[in-house]
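> Under our numbering, read the sequence shown as residues 22 to 345, first letter to last. Dumping the structure here so I can ask a few things about it.
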Amino acid sequence: MDVYKTTVKYKNLRIDYEVKSFRLKDVFKISRSSKSNISTIKVSITNKKNRGIGECIPYKRYGDNLSQILKILKSNKNYKNIHQIKSLPLQNAISNAFYDLKLREKKIKFLKIIKKIKFISVVTIPIFSKVKFTKEVKKYKNIKYLKIKVNQKNVFEYLNIIKKYSPKSKIIIDANEGWAIKFFHKHENSFKKYNILFIEQPIKSNQDHLLNTKIPLCADESFHKKSKLKNIKKYKWVNIKADKFGSEQEILKAIKFAKKNKLKIFFGCMVSSSLSIIPMLRFAKFCNLLDLDGPLFLLKDYKNGLKYNGNVLIYNKRFDYGYL
Ligand SMILES: [Mg+2]
Numbered sequence: 022m023d024v025y026k027t028t029v030k031y032k033n034l035r036i037d038y039e040v041k042s043f044r045l046k047d048v049f050k051i052s053r054s055s056k057s058n059i060s061t062i063k064v065s066i067t068n069k070k071n072r073g074i075g076e077c078i079p080y081k082r083y084g085d086n087l088s089q090i091l092k093i094l095k096s097n098k099n100y101k102n103i104h105q106i107k108s109l110p111l112q113n114a115i116s117n118a119f120y121d122l123k124l125r126e127k128k129i130k131f132l133k134i135i136k137k138i139k140f141i142s143v144v145t146i147p148i149f150s151k152v153k154f155t156k157e158v159k160k161y162k163n164i165k166y167l168k169i170k171v172n173q174k175n176v177f178e179y180l181n182i183i184k185k186y187s188p189k190s191k192i193i194i195d196a197n198e199g200w201a202i203k204f205f206h207k208h209e210n211s212f213k214k215y216n217i218l219f220i221e222q223p224i225k226s227n228q229d230h231l232l233n234t235k236i237p238l239c240a241d242e243s244f245h246k247k248s249k250l251k252n253i254k255k256y257k258w259v260n261i262k263a264d265k266f267g268s269e270q271e272i273l274k275a276i277k278f279a280k281k282n283k284l285k286i287f288f289g290c291m292v293s294s295s296l297s298i299i300p301m302l303r304f305a306k307f308c309n310l311l312d313l314d315g316p317l318f319l320l321k322d323y324k325n326g327l328k329y330n331g332n333v334l335i336y337n338k339r340f341d342y343g344y345l
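Laid out in structure tokens, this is it:
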């Protein structure tokens, strides 16, 4: 793949980028869309001796797109402050690349920052046929945390499959805004029959004011740097993803906001490579639960990428991030 040198700079340092395409093992279907490959942007920041790298995923739901990011990368600005960059995913990639560069300069191994190689992360099953879904549930039998993507179709049939084949699993249902408020309230009592930890973003983010329930909910599409957070207390959890908030400072701000408002932190990701996820492990200590299974869906990840064994995410210290 081609590496493009840019004329754009960050703190006087040159930025290079590559657009990378990753094929997925299966079609990743959620309530609003499906995909069989992803495009990521890998950026590197170089000074005389070192190079730091980062990745981001422009996500259509939040108004991001590849061409808008490439336009910024092809400009000839020298950004002194990361918040002048008018793209949150690109802020994230550059912020992580700069962090990496600093670690390499100071000869600090990333393991020294994260302090352990194993983390607990939720695993997700996207929308599949019932046959394939059953096969997946059997594979994960009695795993502690199982997240499922759903729309309004056959939700209870899928829940019954989990009840039958993986009864001990705590379930997270992610509707990705795919339910009508009527559908949610109509079925509210039925959800109580299942081992549900919380329901993630059942209805459209602009309908938060209509929510009135005792079932714990998690805000994902409703919790974004650009969102109005007037109704955020209707939720018990918030899903923080780097590409929704941008720079390290903004991620820390989101974490602080959640703590101050007694919202539990579910730290999430897009379908992405290990280069998106590994830098995020430095925030794990602030979170109640991680949802960092993005690379699990790729046919081929970066060399020495993350491995997953049920709910255990395993970091490989040979991964090219931080001082090696
Ligand atoms: Mg979600």
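C-beta: ideal position from N, C-alpha, C; glycine also.
1) Please report the Cβ distance between residue 163 and residue 187, rounded to the nearest whole angstrom; I am assuming they are in contact, meaning their Cβ atoms lie under 8 Å.
2) Nearest CA to the CA of residue 234: which residue from 244, 205 and 340?
3) Just list the beta strand (DSSP E) runs in the stretch 208-280, keeping only unbroken ones of 3 residues or longer that don't cross its boundaries, in chain order.
4) Buried or exposed: where does residue 262 fall if 16 or more other Cβ atoms within 10 Å of its Cβ makes it buried?
5) Give, in chain order, every unbroken run of the beta strand (DSSP E) that is at least 3 residues long and sits entirely within the stretch 80-164.
6) For residue 203, which of helix, strand or coil comes out of DSSP?
7) Quickly, what does DSSP pair residue 319 with across the bridge? List them, please.
8) Quick one: grab the DSSP three-state call for residue 287.
9) Does residue 51 come out as helix, strand or coil in the three-state DSSP assignment?
10) Quick one: give me the first and last residue of the beta strand (DSSP E) that residue 193 is part of.
11) When the Cα atoms are used, what is the spatial distance from residue 25 to residue 50?
12) Hey, out of 197, 199, 166 and 157, whose CA is closest to residue 179's CA?
13) Apart from the five residues just before and just after residue 113, which ones in its own chain have a Cβ nearer than 6 Å to its Cβ?
14) The beta strand (DSSP E) spanning residue 181 covers which residue range?
15) Which whole-angstrom value describes the C-beta separation of residue 215 and residue 184, a residue pair presumed to lie in contact below a C-beta threshold of 8 Å?
16) Based on Cα-Cα distance, which residue from 62, 223 and 147 lies nearest to residue 237?
17) How long is the line joining the alpha carbons of residue 313 and residue 135, rounded to whole angstroms?
18) According to DSSP, is residue 306 part of a helix, a strand, or is it coil?
19) Would you mind working out which of 110, 101 and 345 sits nearest residue 81, comparing C-alpha positions?
20) Would you decide whether residue 23 is buried or exposed? Buried here means 16 or more other CB atoms lie within 10 Å of its CB.
21) Relative to the C-alpha of residue 84, which residue among 248, 327 and 278 is closest?
22) Whether or not the stretch 113-132 and the stretch 50-60 are in contact is what I'm after, with contact meaning three or more pairs of Cβ atoms, one per stretch, closer than 8 Å; do they touch?
23) Candidates 344, 336 and 342: which alpha carbon is nearest residue 138's?
24) Measuring CB to CB, does residue 75 end up less than 9 Å from residue 92?
25) Taking all protein chains shown into account, do 16 or more other C-beta atoms lie within 10 angstroms of the C-beta of residue 245, making it buried, or fewer, making it exposed?
26) Can at least three beta-carbon pairs, one atom from the stretch 274-288 and one from the stretch 250-259, be found at a separation below 8 Å?
27) Would you check whether ligand 1 has a heavy atom nearer than 8 Å to the C-beta of residue 199?
So, from the listed chains and residues:
1) Counting from 1 along the sequence shown, the entry for residue 163 is found at position 142. Counting from 1 along the sequence shown, the entry for residue 187 is found at position 166. Right, the Cβ-Cβ distance comes to about 5 Å (below 8 Å), so this counts as a contact.
2) In the sequence shown, residue 234 corresponds to position 213, counting from 1. Checked all of 244, 205 and 340; the closest Cα to residue 234 is 205.
3) Counting whole runs of 3 or more residues, the stretch 208-280 contains the beta strand (DSSP E) stretches 217-221, 238-240 and 258-262.
4) One-based indexing of the sequence shown puts residue 262 at position 241. Result: buried.
5) The qualifying runs are 139-141 and 144-146.
6) Taking the sequence shown and counting its residues from 1, the one referred to as residue 203 is at position 182. In the three-state reduction of the DSSP assignment, residue 203 falls in the helix class, which pools H, G and I.
7) Within the sequence shown, numbered from 1, the residue matching residue 319 stands at position 298. DSSP output for residue 319 lists 45 as bridge partner(s).
8) As a working mapping, residue 287 is identified with position 266 in the sequence shown. Strand, per DSSP.
9) By 1-based counting over the sequence shown, the position of residue 51 is 30. Coil, per DSSP.
10) Within the sequence shown, the letter at position 172 stands for residue 193. That run of the beta strand (DSSP E) goes 191-195.
11) As a position in the sequence shown, residue 25 is number 4, starting the count at 1. As a position in the sequence shown, residue 50 is number 29, starting the count at 1. Each residue's Cα considered, the two are about 32 Å apart.
12) In the sequence shown, residue 179 corresponds to position 158, counting from 1. Considering only alpha carbons, the answer is 157.
13) Walking along the sequence shown from the start, residue 113 turns up at place 92. Same-chain partners within the cutoff: 77, 263, 264 and 267.
14) One-based indexing of the sequence shown puts residue 181 at position 160. Run containing residue 181: none in the beta strand (DSSP E); it sits in the alpha helix (DSSP H), 176-186.
15) Working through the sequence shown from its first residue, we reach residue 215 at position 194. Working through the sequence shown from its first residue, we reach residue 184 at position 163. Indeed, because the Cβ distance is near 6 Å, the residues count as touching under 8 Å.
16) Counting from one through the sequence shown, the residue named residue 237 turns up at place 216. Per the C-alpha coordinates, the member of 62, 223 and 147 positioned closest to residue 237 is 223.
17) To locate residue 313, count along the sequence shown from 1; it is residue 292. To locate residue 135, count along the sequence shown from 1; it is residue 114. C-alpha separation (whole angstroms): 15 Å.
18) For this step, residue 306 is matched to residue 285 along the sequence shown. Three-state DSSP puts residue 306 in a helix.
19) Reading the sequence shown from its first residue, position 60 is the one you call residue 81. Per the Cα distances, 110.
20) As a working note, residue 23 is residue 2 in the sequence shown. Exposed.
21) In the sequence shown, counting from the first residue as 1, residue 84 sits at position 63. 248 is the residue among 248, 327 and 278 whose C-alpha sits nearest the C-alpha of residue 84.
22) Contact fails between the stretch 50-60 and the stretch 113-132, because fewer than three Cβ pairs, one in each stretch, are under 8 Å apart.
23) Within the sequence shown, numbered from 1, the residue matching residue 138 stands at position 117. Here the closest residue by C-alpha is 336.
24) The residue you call residue 75 lines up with position 54 of the sequence shown. The residue you call residue 92 lines up with position 71 of the sequence shown. With contacts defined as CB atoms closer than 9 Å, residue 75 and residue 92 fail to qualify as a contacting pair.
25) For the purposes of this step, residue 245 is identified with residue 224 of the sequence shown, where counting begins at 1. Label assigned to residue 245: buried.
26) Pairwise C-beta distances place the stretch 274-288 in contact with the stretch 250-259, as three or more of them are shorter than 8 Å.
27) Taking the sequence shown and counting its residues from 1, one reaches residue 199 at position 178. No - ligand 1 has no heavy atom lying nearer than 8 Å to the Cβ of residue 199.
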